[in-house]
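Here is the structure we will look at.
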Amino acid sequence: MLQKREIDSEFEALYWESREIQRTIVDRNFEAYELERRGNIKKAITLYELNVHDEVDTPFPYERLAAIYGKSKQFDDEVRILEKAAQVFPEDEKLRIQLEKAKAEKIRESTS
Numbered sequence: 001m002l003q004k005r006e007i008d009s010e011f012e013a014l015y016w017e018s019r020e021i022q023r024t025i026v027d028r029n030f031e032a033y034e035l036e037r038r039g040n041i042k043k044a045i046t047l048y049e050l051n052v053h054d055e056v057d058t059p060f061p062y063e064r065l066a067a068i069y070g071k072s073k074q075f076d077d078e079v080r081i082l083e084k085a086a087q088v089f090p091e092d093e094k095l096r097i098q099l100e101k102a103k104a105e106k107i108r109e110s111t112s
């Protein structure tokens, strides 16, 4: 049986690990946004994609990626990101509407 001291120690280690992960997520988003602002879209995409891969609990990287991909007419990627966002944030109606618009745009582009 674990003693209270061991449980407290394990809890503290998990707490600090989770704080480090959260800081990494925030740092990635901030750095990606700054890169995006400066025109380094390729590196920004890489950082946003890392956060999407990790299924972060904020819609920010999903929204930014969708905007980047939509603007550059990469509709397959835009739809992929928005579908992932809809899975992670099933209650977010805004993302669901954005996904439907992206799908429609993808169809429109493929038929023109």
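Using my numbering, the first residue of the sequence shown is number 1, and each one after it goes up by one. Backbone N, C-alpha and C fix where the C-beta goes; we use that ideal spot for every residue, glycine too. Keep in mind the model is a prediction, meaning the values are calculated, not measured.
Rounded straight-line distance, which links the Cα of residue j to that of residue i
| i | j | result |
| --- | --- | --- |
| GLU34 | ILE45 | 12 Å |
| LEU50 | TYR62 | 11 Å |
| GLU47 | GLU31 | Looking at the sequence provided, one finds Leu at residue 47 rather than Glu. Rounded to whole angstroms, LEU47 to GLU31 spans 8 Å at the Cα level. |
| VAL26 | THR58 | 10 Å |
| ASP54 | ARG80 | 15 Å |
Chain-order list of residues whose beta-carbon lies under 7 Å from that of residue i (same chain, five-residue window excluded)
| i | result |
| --- | --- |
| GLN98 | ALA66, LEU82 |
| TRP16 | Low per-residue confidence applies at TRP16: pLDDT is 49, beneath 50, and the placement is therefore not dependable, though the value from the model is reported in the following sentence. Excluding residues within five positions, none has a Cβ falling inside 7 Å. |
| ALA86 | LEU95, ARG96, LEU99 |
Distance CB(residue i)-CB(residue j) smaller than 8 Å
| i | j | result |
| --- | --- | --- |
| LEU60 | LYS106 | Reading the sequence as shown, one finds Phe at residue 60 and not Leu. No, these two residues do not count as a Cβ contact at 8 Å. |
| LYS84 | VAL56 | no |
| GLU36 | ARG64 | yes |
| LYS71 | GLU109 | no |
Under the three-state DSSP convention, the category residue i falls into
| i | result |
| --- | --- |
| SER110 | helix |
| TRP16 | Reliability fails at TRP16, whose pLDDT of 49 lies under 50, so the model's placement of it is uncertain and no value is given. |
| PRO59 | coil |
| GLU91 | coil |
| ARG38 | coil |
Own chain, CB closer than 6 Å to residue i, minus 5 neighbours either side, in chain order
| i | result |
| --- | --- |
| TYR69 | ASP77, GLU78 |
Own chain, CB closer than 8 Å to residue i, minus 5 neighbours either side, in chain order
| i | result |
| --- | --- |
| ALA102 | ALA66, GLY70, PHE75, GLU78, VAL79, LEU82 |
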